[in-house]
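Here's the structure, in structure tokens; my notes come after.
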């Protein structure tokens, strides 16, 4: 369909969204016989229920028409084919090739042997992980590794930490993992507190090897090892690097056998599936890491093959897009009812907001529609005792995504049942609300008129309006396959939204600007350096205050 057709499809969706204010979700559930069939589905071991949104069937038809008018299917196919879907950097986005089984990725980029390269890296990771896990890999003093410190930031940190937590049931009994991302010196101190350099393995993960936070922490770690008696000649037994810049890592002092490379087309927020996932393999083992890849690949195949109307990532994207138009100012709340997924929200924040936090489209002109709603949340049931009050009774309406993993194993205290019941109960409360008229009498023995006024007053405070949208993603168990499928589901949802908005979901130029300015400001913190005359007054005042504070400390 031509651009005029796409514009018309957008106008139709926007028109329906503006008219949706009076829609009651309960009425849609009652009056649309095919609603459950259209808005709930199973994909790659996950069950999605998207029925509880203010989205009537006719609006869903309009959203699907928009997807077709936006050439979503052909853009998806272009990504799988290895075309340069990251159009501002002229790069492909081939994270799907990283988790494809042998033979499935062949030909993704003609002549470059991507499948063979991916397989070779996985085999190297397997051998290294088995050596560390078995105790065959030993430190400079001959002792096996007991602790792993992973240094990275952004996708190089969030993905591995999330995976280690999600697969904690399969963690190696000897190995303990710590994750360091922040450049704050206190973060480094906490990461190495109580550790013995002789039994510590450090992993430095940095695509460019020049990311400020990771580079400074890596330097501090090298100094920490030296202070602990691990000299330069023995460092390769304790320090490994994961990077696309092998030359810089070798210049840092790493031996070739301690380096795990990946390509520059592996975006940070899509990098868990590459060598960046080494901590997860060390923790849960090669077999379960490959099971995680298999789960992601199953979702890849679903996204590639399922029709739009029955495609889980596409429907998730369409519902998200609808809510940005129908609920102005709405954010997206993600609540995993699984402590092992407690870091999922942070991972999603980077994936969705860094990918789609863009204001101009492919043509360089401003996008006409809101993009990248704020993503936030936390683990249930903890957050029921913090921000759920605002979700039930606040003036804003924010869709909530419940991610529920059915607990496994015996539980005499019934905590797993309480967890499940809490998730389902909160979702029911968001839908139905309550009038508040069930409040007890506020003034026993008071005159009838006064008692009635008190009851009405209390009812107003107790009332919950309901009709608040929610989604549910159900995992019958949290294992490696389903975890991989869950992350891939969100990756493809994010890409689908980018194609609907006609933005580049795979670049991140806004991040680069802040890094550049930080590099210009850092030298000005040196008190011996004269501040430039053209410096903005407010920045000058702050720098002078910081300099004075440091000087007062001696």
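In the numbering used here, the protein residues as written are 242 to 795. Beta carbons: idealized from backbone N, C-alpha and C, even for Gly. Keep in mind it's a predicted model, so treat the numbers as computed, not measured.
Open item on the list: Between the alpha carbons of residue 347 and residue 356, how many angstroms are there, rounded?
Closed with: Bear in mind that the predicted position of residue 347 carries a pLDDT of just 46, short of 50, making it unreliable; the figure below should be weighed with that in mind. Their backbone Cα atoms lie some 5 Å apart in a straight line.
Task: Residues near residue 388 by beta carbon distance below 6 Å, same chain, minus five either side - done: 417, 436, 441.
Task: Other residues of its chain near residue 726: CB distance less than 8 Å, five sequence neighbours each side excluded - done: Same-chain partners within the cutoff: 284, 285, 286, 287, 536, 537, 539, 540.
Task: Cut-off 6 Å between Cβ atoms - residues of its own chain near residue 340, not counting five sequence neighbours on either side - done: 514, 534, 537, 538.
TODO: Mind reading off the beta-carbon distance from residue 642 to residue 555? Whole number of angstroms is fine, and I expect it under 8 Å.
DONE: Residue 642 to residue 555, Cβ: 16 Å. No contact.
Open item on the list: Which same chain residues end up closer than 8 Å to residue 632 when comparing Cβ atoms and leaving out the 5 residues on each side of it in sequence?
Closed with: Listed in chain order, the non-local C-beta contacts of residue 632 below 8 Å within the same chain comprise 574, 639, 641, 671, 709, local neighbours out to five positions each way being set aside.
Open item on the list: Relative to the C-alpha of residue 569, which candidate in 695, 260, 247 has its C-alpha closest?
Closed with: Closest in alpha carbon position to residue 569, among 695, 260, 247, is 260.
TODO: Find the nearest neighbour of residue 716 within the set 729, 657, 647, 669, judged by alpha-carbon distance.
DONE: The residue with the shortest Cα to Cα distance from residue 716 is 647.
Task: Residues of its chain near residue 712, where Cβ-Cβ distance is below 8 Å and the 5 sequence neighbours each way are ignored - done: Excluding residues up to 5 positions away in sequence, 289, 290, 291, 293, 294, 557, 560, 640, 641, 642, 643 lie with their Cβ nearer than 8 Å to the Cβ of residue 712 in the same chain.
Open item on the list: Looking only at its chain, what residues have a beta carbon closer than 8 Å to the beta carbon of residue 686, apart from the 5 residues adjacent to it on each side?
Closed with: Reliability of the predicted coordinates at residue 686 is poor, the pLDDT of 49 falling under 50, and the value obtained from them is presented with this limitation in mind. Cβ within range, chain order: n/a, list empty.
Task: Proximity to residue 500 [Cα-Cα], best of 509, 478, 521, 506 - done: The option with the nearest alpha carbon to residue 500 is 478.
Task: C-beta contact flag for residue 485 and residue 502 at 8 Å - done: Taking 8 Å as the Cβ cut-off, residue 485 and residue 502 qualify as a contacting pair.
- [ ] Please list the segments of the alpha helix (DSSP H) lying wholly inside the region 617-660, counting only runs of 4 or more residues, in order along the chain.
- [x] Counting only unbroken stretches of 4 or more residues, the alpha helix (DSSP H) elements lying wholly within the region 617-660 are 629-634, in sequence order.
Task: DSSP state of residue 564 mapped onto helix, strand, coil - done: Assigned with DSSP and collapsed to three states, residue 564 falls in helix.
Open item on the list: To test your reading of the DSSP string, which unbroken alpha helix (DSSP H) runs of 4 or more residues are found completely within the region 583-614?
Closed with: Qualifying alpha helix (DSSP H) stretches, in chain order: 585-589.
TODO: Have a look at residue 741 and residue 311 and give me their C-alpha separation to the nearest angstrom.
DONE: Their Cα atoms are separated by approximately 6 Å.
Open item on the list: When you compare the CB positions of residue 565 and residue 611, do they come within less than 8 Å of one another, or not?
Closed with: By the CB criterion at 8 Å, residue 565 and residue 611 fall inside the cutoff.
Task: Stretch pair the region 618-635 + the region 597-609: three plus CB contacts closer than 8 Å - done: As far as the Cβ criterion goes, the region 618-635 does not touch the region 597-609, which means the pair count is below three.
Open item on the list: Rounding to the nearest angstrom, what Cα-Cα distance links residue 793 and residue 731 in this structure?
Closed with: C-alpha separation (whole angstroms): 50 Å.
Task: Extent of the continuous beta strand (DSSP E) to which residue 712 belongs - done: Counted as a single uninterrupted DSSP element, the beta strand (DSSP E) harbouring residue 712 occupies residues 711-716.
Open item on the list: As a quick exercise: from 552, 395, 268, 587, pick the residue whose alpha carbon is nearest that of residue 510.
Closed with: Nearest C-alpha to residue 510 among 552, 395, 268, 587: 395.
Open item on the list: Considering Cα atoms alone, identify which of 553, 691, 411, 596 is closest to residue 305.
Closed with: The shortest Cα separation from residue 305 among 553, 691, 411, 596 belongs to 553.
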